[in-house]
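For reference, the structure is listed below as structure tokens.
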Amino acid sequence: MRRIITSEVLKPERHMWLLQKRTEEADNLVRFIYNQCKSSTTTDNFMDSSVVNVRNTVRQYTGNIVRKMMFSRRYFGEGRKDGGPGLEEEEHVNSLFTSLAYLYAFSPSDYLPCLRVFDLDGHEKMVKEALSIINKHHDPIVDERIIQWRNGEKKEVEDILDVFLTINDTKGKPLLSVEEIKAQLIELMIEIVDNPAHVAEWAMAEMINQPQIMQKAVEEIDIVVGKDRLVQESDIAQLKYVKACAREALRLHPMAAFNVPHVSMADAVVAGYFIPKGSHVLLSRVGLGRNPRVWEEPLRFKPERHMNDDVVDLAEPELRFISFSTGRRGCPGTALGTALTVTLLARLLQCFSWSVPPNQDQIDLTESMNELFLAKPLHAHAKPRLHASMYGT
Ligand code: HEM
2 MRRIITSEVL KPERHMWLLQ KRTEEADNLV RFIYNQCKSS TTTDNFMDSS
52 VVNVRNTVRQ YTGNIVRKMM FSRRYFGEGR KDGGPGLEEE EHVNSLFTSL
102 AYLYAFSPSD YLPCLRVFDL DGHEKMVKEA LSIINKHHDP IVDERIIQWR
152 NGEKKEVEDI LDVFLTINDT KGKPLLSVEE IKAQLIELMI EIVDNPAHVA
202 EWAMAEMINQ PQIMQKAVEE IDIVVGKDRL VQESDIAQLK YVKACAREAL
252 RLHPMAAFNV PHVSMADAVV AGYFIPKGSH VLLSRVGLGR NPRVWEEPLR
302 FKPERHMNDD VVDLAEPELR FISFSTGRRG CPGTALGTAL TVTLLARLLQ
352 CFSWSVPPNQ DQIDLTESMN ELFLAKPLHA HAKPRLHASM YGT
């Protein structure tokens, strides 16, 4: 399956082919925030500004991106005129994040499979419920699309669902069953939806508390892009400091405490430790990214630490921290993941001035008890900084 994903979905031609869909959602992102500013009834001293739920906004952005790339649609239902999510999209994104949380969660039955039938921690029940919500939205679209291809109503491949439905084996027969396609769509969505939103939320929280860093990133965007057009993916190569901010958020605030488990295929010795064949290997993302022997002042958000490199990338093949990991099971979505993450962060910074909400001194950077998210979803004050015509309303 990994080979199919890499060769059919993530190849460079497809990356460009899906660009238009991603750009539409990046435009919708700024329109949605702008509309919140315009309709705000806050009684602070700012006109046309608003306290925005950043977590919800960035998660809905990645949710929109996955629905657009998979199904060519932003909304399952009627959606909202202001660009925000409807109830269907809220529950879709929440269910994707629920499935993801349990993917990383420790469960005794992973090590003692005989306990699985008892579902002692209730994880299986939670994941089943989340998947049934996701399938409730996906199944009608997939089933209808199959019929459209069968009866000749559809002839052109327009999105990732079409790609999956039209891949044939050497005998000209469909390579993937309907069940495999449905499962793969969900898996890909889970891979895509989380990291860009997580990085953007943490980077924004850290930068609001250190306005000089935010100022530097905004100045870079103004020099590279200006104020007369919106940041595009083609600008990313030149947005070195913005990338350093995203990279720093990945180092300091990984999505999960450990990388997904790997099993060693052969006896090995790593850094003097013997690892027998068949061991479950769990790399600590927190341990690597915050290792004081590698990183000076490891707990400080300091993008400058990455600026000495000629090229600033989100990837870290040396594993001084884990972003996309490396090797045979390393993330195949580096290009897409980078494009989504940097565009999201750069658009937020270019289009709005961000500050701590009224009556608050600082953003509270406390981590949640059980995960590495911010304990309280980031809410921040946004004020448009470009001409009204730039927001596509
Ligand atoms: C900033 C964004 C992203 C980050 C930080 C990230 C990170 C990761 C990491 C750490 C892994 C585990 C690697 C390992 O097991 O050693 C992984 C796996 C994976 N990622 Fe990503 N990812 C991102 C975006 C994406 C995107 C956009 C896709 C697009 C399809 C994607 C597809 C996958 C797949 C299919 C795997 C499983 C690979 C396998 O098991 O062989 N990721 N990712």
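The sequence shown stops at residue 394 when you use the working numbering, and every number in between is there.
Using N, Cα and C, we set each Cβ at its ideal position, and we do this for glycine too.
Bear in mind that the values here come from a model prediction, so they are computed numbers and not experimental data.
Shorter than 7 angstroms, the distance from the beta carbon of residue i to the closest heavy atom of the ligand HEM, or not?
i, result
"Phe-325", "yes"
"Thr-342", "yes"
"Pro-318", "no"
"Ile-182", "no"
"Tyr-260", "Residue identity differs from the one stated: residue 260 is Asn in this sequence, not Tyr. Yes, the Cβ of Asn-260 comes within 7 angstroms of a heavy atom of the ligand HEM."
"Gly-334", "yes"
"Gly-1", "Outside the shown range of the chain, which is 2 to 394, sits residue 1, and nothing can be said about it."
"Leu-186", "no"
"Trp-192", "According to the sequence shown, residue 192 is Glu rather than Trp. Under cutoff, so the answer is yes."
"Arg-3", "yes"
"Val-232", "no"
"His-307", "no"
"Arg-34", "The sequence as given places Ile at residue 34; Arg does not occur at that position. No - the ligand HEM has no heavy atom lying nearer than 7 angstroms to the Cβ of Ile-34."
"His-382", "no"
"Pro-299", "no"
"Val-59", "no"
On a CA-only basis, which of the options is nearest residue i? Give me that one, please.
i, options, result
"Leu-97", "Met-127, Pro-109, Asp-83 and Cys-115", "Met-127"
"Asn-169", "Ala-381, Ile-5, Thr-335 and Pro-359", "Ile-5"
"Asn-360", "Thr-344, Ser-369, Ala-347 and Ala-381", "Ala-381"
"Leu-30", "Leu-373, Asn-371, Leu-350 and Ser-369", "Leu-350"
"Leu-101", "Leu-387, Leu-284 and Val-261", "Val-261"
"Leu-337", "Arg-32, Phe-77, Glu-79 and Asp-314", "Asp-314"
"His-138", "Arg-348, His-93 and Glu-180", "His-93"
"Ala-398", "Val-10, Gln-211, Glu-180 and Thr-99", "The displayed coordinates of the chain run from 2 to 394. Any statement about residue 398 would go beyond what the structure contains."
"Asn-136", "Lys-12, Asp-111, Phe-119 and Glu-188", "Glu-188"
"Gln-37", "Asp-28, Asn-54 and Thr-24", "Asn-54"
"Gln-363", "Glu-14, Leu-373, Pro-114 and Gln-211", "Gln-211"
"Tyr-112", "Arg-75, Glu-372 and Ser-280", "Ser-280"
"Glu-372", "Pro-114, Ala-272 and Tyr-103", "Tyr-103"
"Arg-75", "Ser-326, Ala-316, Glu-317 and Ile-142", "Ile-142"
"Asn-95", "Pro-114, Lys-278 and Gln-61", "Gln-61"
Tell me whether the beta-carbon of residue i lies closer than 8 angstroms to the beta-carbon of residue j.
i, j, result
"Glu-234", "Ala-340", "yes"
"Ala-415", "Thr-342", "No statement about residue 415 is possible, as the shown extent of the chain runs from 2 to 394 and does not include it."
"Gly-290", "Leu-253", "yes"
"Ala-258", "Arg-286", "yes"
"Asp-122", "Ser-108", "yes"
"Ser-324", "Leu-251", "yes"
"Glu-89", "Asn-65", "no"
"Val-1", "Met-190", "There is simply no residue 1 to check, as the chain begins at 2 and stops at 394 in what is shown."
"Asp-160", "Met-70", "yes"
"Met-2", "Gln-216", "no"
"Lys-384", "Ser-40", "no"
"Arg-32", "Gly-78", "no"
"Leu-11", "Phe-72", "no"
"Val-232", "Arg-348", "yes"
"Glu-180", "Phe-302", "no"
"His-263", "Arg-306", "no"
Here's a check: name, in chain order, each residue in its chain whose Cβ is nearer than 7 angstroms to the Cβ of residue i, leaving out the five neighbours to either side.
i, result
"Arg-81", "Gly-87"
"Leu-284", "Phe-259, Asn-260 and Ile-323"
"Ala-204", "Cys-246, Ala-247, Ala-250 and Leu-346"
"Asn-292", "Pro-299"
"Val-158", "Val-164 and Thr-167"
Excluding the five sequence neighbours on either side, which residues of its own chain have a C-beta within less than 6 angstroms of the C-beta of residue i, listed in chain order?
i, result
"Thr-63", "Val-194, Pro-197 and Ala-198"
"Ala-201", "Val-59, Leu-345 and Leu-346"
"Tyr-105", "Ala-257"
"Lys-228", "Leu-387"
Quick one: residues in its chain with C-beta nearer than 8 angstroms to the C-beta of residue i, no 5 flanking neighbours on either side, listed in chain order?
i, result
"Lys-377", "Asp-365 and Thr-367"
"Ile-276", "Ser-265, Asp-268, Ala-269, Val-270 and Val-282"
"Met-1", "Look at the range of the chain in this structure, 2 to 394, and you will see that residue 1 is not part of it."
"Ser-369", "Leu-375 and Ala-376"
"Val-225", "Asp-236, Gln-239 and Leu-240"
"Glu-399", "Examination of residue 399 is not possible in this model, given that the chain is present from 2 through 394 alone."
"Ile-147", "Leu-166 and Val-179"
"Leu-176", "Ile-5, Ile-168, Asn-169 and Asp-170"
Would you report the Cα separation of residue i and residue j, rounded to the nearest angstrom?
i, j, result
"Glu-125", "Met-391", "46 angstroms"
"Ser-354", "Arg-151", "50 angstroms"
"Lys-183", "Pro-333", "20 angstroms"
"Ala-238", "Asp-311", "12 angstroms"
"Leu-320", "Lys-155", "45 angstroms"
"Gly-393", "Arg-117", "51 angstroms"
"Arg-56", "Lys-172", "47 angstroms"
"Leu-20", "Val-357", "33 angstroms"
"Lys-174", "Lys-22", "29 angstroms"
"Asp-223", "Ile-214", "14 angstroms"
"Cys-352", "Pro-304", "21 angstroms"
"Gly-328", "Thr-7", "14 angstroms"
"Lys-278", "Ser-326", "21 angstroms"
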